[in-house]
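In order, the protein sequence lines correspond to chains R and B. So that you can map any letter, position 36 of the first sequence is 36 in the working numbering, and since no number is skipped, the others follow by simple counting. So that you can map any letter, position 20 of the second sequence is 20 in the working numbering, and since no number is skipped, the others follow by simple counting. C-beta atoms are modelled at their ideal positions from N, C-alpha and C, and glycine is treated no differently.
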Amino acid sequence: MKVLVGIKRTIDANVKVRVKADETGVETANVKMTLNPFCEIAVEEAVRMKEAGTVDEIIVVTAGPEEARQTLMTALAIGADRAVHVIADQDIQPLAVAKVLKAVIDQETPGIVILGKQAIDDDSNQTGQMLAALLGWPQATFASKITLGDGEAEVTREIDGGLETLTVKLPAVMTTDLRLNEPRYASLPNIMKAKKKPVDTKTVEELGVDVAPRIKIIKVVAPGKREAGVMVESVAELVDKLHNEAKVL
Amino acid sequence: MSALVIAEHDNNELKQATLHAVTAAAQLGGEVHILVAGEGSGEVATQAAAVAGVTKVLHADDAAYGHGLAENVAPLIITLADGYDHLLACATTYGKNVMPRAAALLDVAQVSEISEILSADSFVRPTYAGNAMATVQSSDAKKVITVRATAFDAAAAEGGSAAIEAASGPGDQGLSRFERHELSVSERPELTSADIVISGGRGMQSGENFPLVEAVADRLGAAVGASRAAVDAGYVPNDYQVGQTGKVVAPNLYMAIGISGAIQHLAGMKDSKVIVAINKDEEAPIFQITDYGLVADLFKALPELAEELDKQGISKN
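Have a look at this one:
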């Protein structure tokens, strides 16, 4: 069985994001970009499935600009076997990404598709669910444990009240939550080996997918700033301030 | 123009989250209807009909909808979507799971986790962990939206008298089935609707130390939360997590105990009215956004806090 992992290149989680002065978006020039953390967990999960012998090939796919090739290299270094890079220079939104992935999946016919639950840039949390809908497959979102069985998988999901366990038929789309696994660091030999792994390049036109944005970004501004207040010297002073000044106790 | 709100419930009780989505729906200016999809959920439909401002409740009661499986609920939503310009749900794990599936079936985009409604097609939503507020305009005929609960007050649970209409959809799609729940049982209020939230972070050092936080929480009727670090380390369950990818809270008082203040955590609590931090590191970034900061060893400060509350006779229980 093949597993396909959809990944995204995002601004690094540790970068302090700055809004552009012209309000068109955020600064990305000279900003560190990495593999979206949830996507990294997705790649790691696929590699663990292969190590456990339950899948035999891992294909990573991204839709993004030329530079996203670097992100594919990261995934190949973690242990993916080959990559598909769908070149997209325009703003490509979740519904469009889902359509691109569906087109690739129709060609690759994987038994499992794993995505991150959310990209830490636009925080949409949509693509996996949309992809499952377009494929007519089940979706196991926000997964913290995946157990593959015969033609189905048992998946534990992180939900607001605790945990929920579902059984989904395969093929299925799964999206990762933080506790699914702890991704490994790619070793230097594996980083070198990744450069020799095959990367297939396609365009959205070749896939015949309409990726026109449905949502127009009117402006992007910084949030209202919260000013630092006062430091108190003791617990007694803190309680006094909360009780008599802020009146929240 | 009318809007359909997808109710969140456990077949017995309408969740507070739904009331926030109703307020957002009402701001769109048209009629507000609620869809209750469940199994043995008659009581929920009755509660939905009583929500102020709601004019109709669509009630789909079938074993297929009992556990809110997205594979079954999304086709039901699109069966009922004709005649609605807006489909809304709260951005809970339920709404986040179901709504994008419905959107894709309708071939429309979803506008996730809006914090403000500017017009019928324009919304404000936080991106980059709340560090960039985007104003967006949807060009789709139908708008599928999830709503950030903390940005919209809850609608009144009483005062409405909507008609309840039976609805049905394609039923069980046979793709998935519910196995079991492991729900956190707590006497404390829910994180997302509590007046006071006290969260512990990595500084707690172990789950065995969380009773220090709970002792204060119980005196104040507060909910207990945690940073990602504390959840990842296994101190507390996943549903305690406050932050960009966990829960978003905006209580009257938020107390961050032993939490350094990563932007991912701030994203989940910085709209709280009053923020307090106790941390032994005076350089901790959390102090840049606190109203009251205390540099102290939390293992001394928390018992002292409980004692001081008792001494002052401050108790919400």
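Taking 9 Å as the CB-CB cut-off, is residue 112(R) touching chain A?
As a matter of chain content, chain A is missing from the structure shown, whose protein chains are R and B.
Out of curiosity, what's the CA-to-CA distance linking residue 207(R) and residue 118(R)?
For the purposes of this step, residue 207(R) is taken as residue 207 along the first sequence, with counting starting at 1. For the purposes of this step, residue 118(R) is taken as residue 118 along the first sequence, with counting starting at 1. Near 24 Å, if we compare the C-alpha coordinates of residue 118(R) and residue 207(R).
Just checking, does the segment 63 to 70 of chain R make contact with the segment 173 to 193 of chain R on the three C-beta pairs under 8 Å criterion?
no
Could you tell me the boundaries of the beta strand (DSSP E) in which residue 181(B) lies?
Translated into the one-based positions of the second sequence, residue 181(B) becomes position 181. Element bounds for residue 181(B): 176 to 183.
Can you find a CB in chain R that lies within less than 9 Å of the CB of residue 116(B)?
By 1-based counting over the second sequence, the position of residue 116(B) is 116. Judged by the 9 Å Cβ criterion, residue 116(B) is not in contact with chain R.
Please state whether the Cβ-Cβ distance between residue 261(B) and residue 278(B) is less than 9 Å.
Here residue 261(B) corresponds to residue number 261 of the second sequence, with the count starting at 1. Here residue 278(B) corresponds to residue number 278 of the second sequence, with the count starting at 1. No, the Cβ-Cβ distance between residue 261(B) and residue 278(B) is not below 9 Å.
For the segment 152 to 168 of chain B, which residues have a CB atom closer than 9 Å to at least one CB atom of chain R, in sequence order?
none
Please name the residue, chosen from 301(B), 257(B), 102(B), that lies closest to residue 75(B) on a Cα-to-Cα basis.
By 1-based counting over the second sequence, the position of residue 75(B) is 75. Of the candidates 301(B), 257(B), 102(B), the one whose C-alpha sits nearest the C-alpha of residue 75(B) is 102(B).
Please compile the residues from chain B whose C-beta is within a distance smaller than 8 Å of the C-beta of residue 219(R).
By 1-based counting over the first sequence, the position of residue 219(R) is 219. Result: 134, 135.
Quick one: is residue 21(R) buried, meaning 16 or more other Cβ sit within 10 Å of its Cβ, or exposed?
Within the first sequence, residue 21(R) is the residue found at index 21, counting from 1. Exposed, since its Cβ has fewer than 16 Cβ neighbours within 10 Å.
The segment 95 to 107 of chain B: which residues have C-beta closer than 7 Å to a C-beta of chain R, in chain order?
96, 97, 100, 101, 103, 104, 105
Could you work out which residues of chain R lie near residue 287(B), taking near to mean beta carbons separated by less than 8 Å?
Walking along the second sequence from the start, residue 287(B) turns up at place 287. Those within 8 Å of residue 287(B) in chain R are 228, 231.
Contact the segment 244 to 262 of chain B vs the segment 212 to 225 of chain R: 3+ CB pairs below 8 Å
no
Applying a beta-carbon distance threshold of less than 7 Å, which residues of chain B neighbour residue 125(R)?
What you label residue 125(R) is simply residue 125 of the first sequence in a count that begins at 1. 96, 112, listed in chain order.
Put residue 200(B) into one of helix, strand or coil per three-state DSSP.
Translated into the one-based positions of the second sequence, residue 200(B) becomes position 200. Three-state DSSP puts residue 200(B) in a strand.
Examine chain R for any beta-carbon lying closer than 9 Å to the beta-carbon of residue 85(B), and answer yes or no.
Stepping through the second sequence from its first residue, residue 85(B) is reached at position 85. With 9 Å as the cut-off, residue 85(B) does not count as an interface residue toward chain R.
Check whether the Cβ of residue 314(B) lies closer than 8 Å to any heavy atom of the ligand HEM, and answer yes or no.
Looking for the ligand HEM in the displayed structure turns up nothing, as the structure carries no ligands at all.
Within chain R, partners of residue 182(B) - CB distance below 7 Å:
In the second sequence, residue 182(B) corresponds to position 182, counting from 1. What residue 182(B) touches in chain R: 162, 163.
Residue 48(R) to residue 58(R), Cα distance in whole Å?
Counted from its first residue, the first sequence places residue 48(R) at position 48. Counted from its first residue, the first sequence places residue 58(R) at position 58. One C-alpha to the other measures close to 11 Å.
Bridge partner(s) assigned by DSSP for residue 90(B):
Position 90 of the second sequence holds residue 90(B). DSSP output for residue 90(B) lists 147(B) as bridge partner(s).
Could you name each continuous beta strand (DSSP E) segment of 3 residues or more that falls completely within the segment 136 to 163 of chain R, going from the start of the chain to the end?
139 to 148, 152 to 159
Identify every run of the alpha helix (DSSP H) within the segment 7 to 48 of chain B, keeping only runs that are complete inside it and at least 4 residues long; order them along the chain.
16 to 27
Alpha carbon to alpha carbon, what distance is there between residue 300(B) and residue 232(B)?
Within the second sequence, residue 232(B) is the residue found at index 232, counting from 1. Within the second sequence, residue 300(B) is the residue found at index 300, counting from 1. Rounded to the nearest angstrom, the two C-alpha atoms are 25 Å apart.
Under 9 Å between C-beta atoms, does residue 91(R) make it to chain B?
Taking the first residue of the first sequence as position 1, residue 91(R) is located at position 91. Chain B, which has no Cβ nearer than 9 Å to the Cβ of residue 91(R), makes this no.
Cβ contact check for the segment 160 to 169 of chain R and the segment 224 to 242 of chain B: 3 or more pairs under 8 Å
yes
Where residue 18(R) sits in the DSSP three-state scheme:
Translated into the one-based positions of the first sequence, residue 18(R) becomes position 18. Residue 18(R) falls in the coil class under three-state DSSP.
Between 109(R), 42(R), 85(R), which lies nearest to residue 78(R) when the distance is taken from Cα to Cα?
The residue labelled residue 78(R) in the question sits at position 78 within the first sequence. If we check each option's Cα against that of residue 78(R), 42(R) comes out closest.
Could you name the residues of the segment 177 to 188 of chain R whose beta carbon sits closer than 7 Å to any beta carbon of chain B, in the order they occur along the chain?
178, 179
Expressed to the nearest angstrom, what Euclidean distance is found between the alpha-carbon atoms of residue 247(R) and residue 271(B)?
Translated into the one-based positions of the first sequence, residue 247(R) becomes position 247. Translated into the one-based positions of the second sequence, residue 271(B) becomes position 271. So the alpha carbons of these two residues sit roughly 17 Å apart.
How is the alpha helix (DSSP H) around residue 41(R) delimited, first residue to last?
On the first sequence, residue 41(R) is found 41 positions in, with the first residue counted as 1. Here the alpha helix (DSSP H) through residue 41(R) covers 37 to 51.
Chain R beta carbons: is any one of them nearer than 9 Å to that of residue 235(B)?
Taking the second sequence and counting its residues from 1, one reaches residue 235(B) at position 235. Taking Cβ atoms only, chain R never reaches closer than 9 Å to residue 235(B), which makes this a no.
Going by other Cβ atoms of all chains shown within 10 Å of its Cβ, with 16 needed for buried, is residue 195(R) buried or exposed?
The residue you call residue 195(R) lines up with position 195 of the first sequence. Classification for residue 195(R): exposed.
Against residue 295(B), what residues of chain R qualify as contacts under a CB-to-CB distance less than 8 Å, listed in chain order?
Counted from its first residue, the second sequence places residue 295(B) at position 295. Those within 8 Å of residue 295(B) in chain R are 231.
If we cut at 9 Å on Cβ distances, does residue 25(R) have a partner in chain B?
Taking the first sequence and counting its residues from 1, one reaches residue 25(R) at position 25. Answer yes: the Cβ-Cβ gap between residue 25(R) and chain B drops below 9 Å somewhere.
Measuring alpha carbon to alpha carbon, tell me which of 1(R), 55(R), 115(R), 13(R) ends up nearest residue 75(R).
Start at 1 with the first residue of the first sequence, and residue 75(R) comes out as number 75. Nearest option by C-alpha distance: 115(R).
Residue burial classification, residue 141(R) (beta-carbon count within 10 angstroms, cutoff 16)
On the first sequence, position 141 is the one that residue 141(R) refers to. Its Cβ being crowded by 16 or more others within 10 Å, residue 141(R) is buried.
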